[in-house]
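Numbering (the working numbering), first residue to last: 4 to 371. Idealized CB from N, CA, C, for every residue including glycine. Values in this document were obtained by computation on a predicted structure and should not be read as measured data. What follows is one structure encoded as structure tokens, with my remarks underneath.
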Ligand code: IPM
Ligand code: MG
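Here it is as structure tokens:
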């Protein structure tokens, strides 16, 4: 049997730096665990625009459709801010999500014990936090038509459309219920059914999928604004949160910051199973391209490393190896290693991106 295939799209800014550490870890798994991957690399985002005049070449899109999983770094940078909307770096990422039909975006927010002091919230509110946001990723106001800036009378009007079909809601709800069964068995669904028809439908469909297919899972509903409030008040009340594309974008940044650093959080974007049974999948850190620190070896590679751990778990059925990698990360943090983003106000001496990656490898070695 051939090795599973990975397409690496490191992207812009700190993307290539953090991905370099993931490549070391992929090589480690090949050498030490006989877990070999066929790795290819390509461009996405601003770097693709520089070469092809668009943020994702068609050939790259085709490759992404064929591999077992895509690993993405980050896209964007200030030099691309004034580009036309249609060729902005972010469009490359959105095209991957849409064309691979990656409808379920899993964004865990886990607070590492060693970092509980970094949260802007009190330690007892966040210590031990482990929640999973499931964000719908291929529909809603991000993609709904009509959209655009139009002229009406003597002024312009900007339009985006929130649109959800029953099947789009049902499939992401199923992803959330399935995940909940493997965790705390609780799902909270968030929308604005008090003001949006799409929210009314969302609530109805999530409830129906629950009642017919997952009655064993505890389901609650919350308006998304109240959800934001509850997330900061007492986040540990949640296990899995399922929500739409835009609310999920906001709530996942909020949840991320509860844990102390955006530099720590991975994500998985999953679609329907392919012929080989693996889901269509793209893994990426939640953080962006951080152009202000790019190229300086300051970036924290942990979010990207943990994204690869999610790939091991969700694409390659290697839960034990994913646990091993997550424990290795936990260990280096417990040992006191910190990249610059994890320095408290009192300062200290941060380690570089590659030193952090090397320490994770050393912890992996020690785990054998
Ligand atoms: C995210 C990002 C993206 C989004 C951008 C980069 C298009 O904020 O993945 O959360 O809005 O979905
Ligand atoms: Mg976002």
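Q: Could you name the residues that DSSP lists as bridge partners for residue 134?
A: Beta-bridge pairing links residue 134 to 112.
Q: Give every residue of the same chain whose Cβ lies closer than 7 Å to the Cβ of residue 42, excluding the five residues on either side of it in the sequence, and list them in chain order.
A: The beta carbon of residue 42 lies closer than 7 Å to those of 9, 11, 29 in the same chain, with the five residues before and after it left out.
Q. Which of helix, strand or coil does DSSP assign to residue 293?
A. Residue 293 falls in the coil class under three-state DSSP.
Q. Quick one: what's residue 167 bridged to in DSSP?
A. According to DSSP, residue 167 bridges with nothing at all.
Q. Does the ligand IPM have a heavy atom nearer than 7 Å to the CB of residue 102?
A. Of the heavy atoms belonging to the ligand IPM, none sits nearer than 7 Å to the Cβ of residue 102.
(Q) I need the straight-line Cα distance from residue 359 to residue 303, nearest angstrom please. (A) Whole-angstrom Cα-Cα distance: 8 Å.
Q. With distances taken between CB atoms, is the gap from residue 138 to residue 108 smaller than 8 Å?
A. In this structure, residue 108 lies closer than 8 Å to residue 138 by Cβ.
(Q) Less than 8 Å between C-beta atoms, sequence neighbours within five positions excluded: which residues of the same chain meet that for residue 231? (A) Result list for residue 231: 253, 254, 257, in chain order.
Q) I think residue 286 touches residue 250, with their Cβ atoms under 8 Å apart; what is that distance to the nearest whole Å? A) Not a contact, Cβ separation roughly 22 Å.
(Q) Please state the DSSP three-state secondary structure of residue 159. (A) In the three-state scheme derived from DSSP, where H, G and I count as helix and E and B as strand, residue 159 is classed as strand.
Q.
Can you tell me which residues fall inside 7 Å of the ligand MG, judged by beta-carbon distance to its nearest heavy atom, and keep chain order?
A. Those residues are 252, 255, 256, given in chain order.
Q | C-alpha gap between residue 7 and residue 288, whole angstroms | A | Using only the alpha carbons, I get a separation of about 21 Å.
**Q.** Three-state class that DSSP yields for residue 22 in the structure shown
**A.** Three-state result, residue 22: helix.
Q: Indicate, with yes or no, if the ligand IPM has a heavy atom lying under 7 Å from the CB of residue 132.
A: Residue 132 Cβ: outside cutoff for every heavy atom of the ligand IPM.
**Q.** Buried/exposed call for residue 237, threshold 16 Cβ in 10 Å
**A.** Its Cβ having fewer than 16 others within 10 Å, residue 237 is exposed.
Q) How long is the line joining the alpha carbons of residue 39 and residue 274, rounded to whole angstroms? A) Each residue's alpha carbon lies about 23 Å from the other.
Q. Among 111, 31, 18, which has the Cα closest to the Cα of residue 367?
A. Shortest Cα-Cα distance from residue 367 to any of 111, 31, 18 involves 31.
(Q) Taking the alpha carbon of residue 81 as the reference point, which residue from 365, 15, 321 has its own alpha carbon closest? (A) When 365, 15, 321 are compared, the shortest CA-CA separation from residue 81 is found for 15.
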